[in-house]
Amino acid sequence: MRIACGLLLAAAALLPAASAHAADDQWIAQVWKEYKAYNKKTVDAYESYLKQTERAYQQVYDDSHRKYEEMMAQVHADQKEWHEKLEADLKELQERYGDDKNVKSKLRQYSNDINPNLLNSPMWKYEVGGNPNYLNSTMWKLNKALNENYLESLMWTYSKAINPNYLNSSMWKYSKTVNENYLNSPMQKLKKGSSEHHLGSPIQKYSKGKLTKTQAKKLYAELKKEQTANVSKGVAASKKAIAELAASTEKQIGALHTETVQLLEKQREESLQAISNLRKEICGEGLQWEPLFPAPEPKENTAA
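Under mature numbering (1 follows the signal peptide of the UniProt record, and there is no 0), the letters of the sequence shown match residues -22 to -1, 1 to 282, in that order.
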């Protein structure tokens, strides 16, 4: 009887301890649950931002290439029109003045000047300026700036910055910041610190009785604060770098497009003017033309 009573008393003495251990397990589980929720929220935000930046990049790519193609088509159509017009004009001038010894040499010069295949002729210069395949031509420079596969071009640099697989790019850094499996990333440090199975973590030490709950809570709170701050800092730095590069790229592309238009217009003007001056020497009358890219009209001031 005494033995039975003793066993009952011993069992009763163990009840509070078992209850306390259950409460401890709940806290440990809660820490891990909160970590997983934070990790999911952060990774979801990264994936959403990645898609957003890819859409923004594609928009810039599509818009810039559309404008480039439209401009190139306009230039090439104008060149074709002038080639046909000047060839017809040469024939007419030859019929009218071909027997005049005083203008024969000028007619030959006129034939050379309007030849787009003759090196350094006025029309050759205009033709080359609008040729995206001619090294360092006006159109070549814009073409290469918009080519995402051309090393260190504007679009290449932009595309690499938002590529999470391109080593040390801004998006790569963002992806690694929130990757719980990337060695020594803030997210991995938080993951390990939140796990009862990671040797040396506050939670693991507590589960093994090496720390009191109060001590474990304090250490974990400090770790969580530090690593979530590091995640936020890393994410903010990556976003800032991408936003600045995106804005800079758009601005540079816009400026380069404007410069290309101006240079092509200038070369066209010089080429046609040179031909027109020679024509005037031949027949007394020059050519007539309008700007290929008229300047936009100033907006009206609607302020009262």
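All C-beta atoms, glycine included, are put in the ideal place defined by N, C-alpha and C. Because the structure is a prediction, the values reported are computed rather than measured.
With burial defined as no fewer than 16 other Cβ atoms inside 10 Å of the residue's Cβ, what is the status of Pro269: buried or exposed? Exposed, because fewer than 16 other Cβ atoms sit within 10 Å of the Cβ of Pro269.
Helix, strand or coil: which one does DSSP assign to Ser266? The question names Ser, but residue 266 is Gln in the sequence shown. Coil.
Could you tell me which of Gln166, Glu200, Glu222, Lys82 sits nearest to Ala139, measuring between CA atoms? Scanning Gln166, Glu200, Glu222, Lys82 for the CA closest to the CA of Ala139 turns up Glu222.
Only counting the same chain, and skipping five residues up and downstream in sequence, which positions put a Cβ closer than 7 Å to that of Asp56? Correct list, in chain order: Leu270.
Beta-carbon proximity list for Pro274, same chain, < 8 Å, skipping 5 on both sides: Nothing meets the Cβ criterion.
Keeping to the same chain, check which residues put their C-beta closer than 8 Å to that of Ser131; ignore five residues upstream and five downstream. These residues qualify, in order along the chain: Lys122, Ala123, Leu124, Asn125.
Determine the DSSP secondary structure at Leu96, reduced to helix, strand or coil. In the three-state DSSP reduction, Leu96 falls in the coil class, being neither helix nor strand.
When we look at the beta-carbon of Ala214 and count the other beta-carbons within 10 Å, is it buried (16 or more) or exposed? Classification for Ala214: exposed.
Can you tell me whether Pro100 is buried or exposed, with buried defined as 16 or more other CB within 10 angstroms of its CB? When all chains shown are included, Pro100 counts as buried.
Limits of the unbroken alpha helix (DSSP H) element including Pro180: From DSSP, the alpha helix (DSSP H) with Pro180 extends over 180 to 185.
Three-state secondary structure assigned by DSSP to Leu129: In the structure shown, Leu129 sits in coil (DSSP, three-state: anything other than H, G, I, E or B).
Does the Cβ of Asn95 have 16 or more other Cβ atoms within 10 Å, making it buried, or fewer, making it exposed? Answer is exposed; the Cβ neighbour count stays below 16.
Glu243 to Tyr136, Cα distance in whole Å? If you take the alpha carbons of Glu243 and Tyr136, they lie about 29 Å apart.
Which residue comes first and which comes last in the alpha helix (DSSP H) that contains Tyr75? Segment -21 to 75, the alpha helix (DSSP H) holding Tyr75.
Close beta carbons around Val156, own chain, < 6 Å, minus the five adjacent residues each side: Around Val156, the same chain offers Thr20, Val21, Tyr24, Met165 as residues with beta carbons nearer than 6 Å, after the five sequence neighbours per side are excluded.
Counted within 10 angstroms of its Cβ, other Cβ atoms place Tyr152 as buried (16 or more) or exposed: Looking at its Cβ environment, which holds 16 or more other Cβ atoms inside 10 Å, Tyr152 is buried.
Check whether the stretch 229 to 243 and the stretch 255 to 265 are in contact - that is, three or more C-beta pairs closer than 8 Å. Touching, no, given that fewer than three Cβ pairs across the two stretches are closer than 8 Å.
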